[in-house]
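Asker:
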Amino acid sequence: MAVGAQELAMGRPRAAGVDARFEALFHAHYRGIHDVLIRLLGDRAEAEDLALEAFARLFRRAPRLDANPAGWLYRVAMRLGYNALRAARRRDRYEERAGMGAAEASPAPDPSTEAIRREEVRRVRAVLRAMPERKARLLLLRHSGLRYREIALVLGVAPVSVGALLARAERDFERRYAAHEPARGGRRGRWRNVP
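Heads up, the final residue of the sequence shown is numbered 195 in our numbering, and it's a clean run with no missing numbers.
(1) Tell me where the alpha helix (DSSP H) around Ser112 begins and ends.
(2) Assuming His180 and Arg39 make a contact with CB atoms under 8 Å, what is their CB distance in whole Å?
(3) So Ala77 packs on Ile33, CB below 8 Å; how close in whole Å?
(4) Using the Cβ count rule (16 or more neighbours within 10 Å means buried), how would you classify Val160?
(5) For a test of the three-state rule: what should DSSP assign to Leu146, helix, strand or coil?
(6) Are the Cβ atoms of Ala24 and Leu37 separated by less than 8 Å?
(7) May I have the straight-line CA-CA distance separating Asn83 from Arg122, to the nearest angstrom?
(8) Got a sec, what are the start and stop residues for the alpha helix (DSSP H) Ala169 sits in?
(9) Let me confirm a value: His27 is counted as buried when at least 16 other C-beta atoms fall within 10 Å, else exposed. Which label applies?
(10) Under the assumption that Arg129 contacts Leu165 (Cβ atoms under 8 Å), give the Cβ distance between them as a whole number of angstroms.
(11) Tell whether a beta-carbon distance below 8 Å holds between Arg176 and Met131.
(12) How would you label Glu119, buried or exposed, when you count the other beta carbons within 10 angstroms and need 16 or more for buried?
(13) DSSP three-state call for Gly71: helix, strand or coil?
(14) In this structure, does DSSP put Val154 in helix, strand or coil?
(15) Can you look up Asp49 in the DSSP assignment and give me helix, strand or coil?
(16) Just how far apart, CA to CA, sit Arg31 and Ala136?
(17) Around the C-beta of Ile151, are 16 or more other C-beta atoms found within 10 angstroms, so that it is buried, or is it exposed?
(18) If distances are taken between C-alpha atoms only, which option among Glu114, Arg44, Arg134 and His29 comes closest to Ala169?
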């Protein structure tokens with residue numbers, strides 16, 4: 001559902017300065033939101049679509065922009081991403097029930113290190129998807145380079161609590177990762193390996 005500039009420009013008249021503020025927000029936050037969605041979804045095209053959808057929703061809301069539009073944008077983008085993941089899971093279940101099964105693309109011949117890296121990324125994403133949504137969001141936002149203050153705004157928590165929440169989320173991830181991969185025992189910090 002990619003939304004271009006012309007589609008965004010159509011609609012009700014804008015208040016003076018709203019378009020400039022929207023453009024500044026877009027330039028300041030698009031890449032970060034896009035990167036968070038890539039890490040969550042593992043699909044660049046879908047991440048781009050959802051990032052643009054988040055900005056389209058912000059644009060429609062522009063006259064009512066609150067004091068923290070960046071936090072609002074990240075919350076909307078994360079919700080869109082989780083909705084897309086839930087829809088994909090439902091689709092996979094329906095295909096499985098219908099006997100179709102999800103067709104796996106055959107991997108291109110890569111060096112063994114690339115294959116190992118991809119498997120690692122797959123495992124990390126599987127563990128993140130199995131975690132409570134808030135903890136997974138916390139890890140993804142931190143890994144995407146957001147500072148504690150920014151994470152607090154996105155999650156709606158006090159900035160002083162982010163460190164403790166992050167430590168708990170990391171411990172939960174490590175425990176789940178070790179259970180997900182008992183033979184290897186899991187190495188600390190695996191969640192940081194998601195590209």
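Using N, Cα and C, we set each Cβ at its ideal position, and we do this for glycine too. These figures come from a predicted structure and were not determined experimentally.
Answerer: The relevant details are as follows:
(1) Taken as a continuous stretch (DSSP letters only), the alpha helix (DSSP H) holding Ser112 covers Ser112 to Ala130.
(2) Not a contact, Cβ separation roughly 18 Å.
(3) With 8 Å as the limit, Ala77 and Ile33 qualify as a contact, their Cβ atoms being about 5 Å apart.
(4) With fewer than 16 Cβ atoms within 10 Å of its Cβ, Val160 is classed as exposed.
(5) Look at Leu146 here: in three-state DSSP terms it is coil, with no helix or strand label.
(6) Going by C-beta atoms, Ala24 is not nearer than 8 Å to Leu37.
(7) Asn83 and Arg122: Cα-Cα distance of roughly 19 Å.
(8) Val162 to His180 is the extent of the alpha helix (DSSP H) around Ala169.
(9) Classification for His27: exposed.
(10) The Cβ separation is near 19 Å, so there is no contact.
(11) In terms of Cβ geometry, Arg176 and Met131 form a close pair [threshold 8 Å].
(12) Per the 10 Å Cβ criterion, exposed.
(13) Here Gly71 sits in helix by DSSP.
(14) The answer is helix: DSSP assigns Val154 an H, G or I state.
(15) Residue state, collapsed to three classes: helix.
(16) Looking at the two C-alpha atoms, the distance is approximately 20 Å.
(17) Around the beta carbon of Ile151, 16 or more other beta carbons sit within 10 angstroms, so the residue counts as buried.
(18) If we check each option's Cα against that of Ala169, Arg134 comes out closest.
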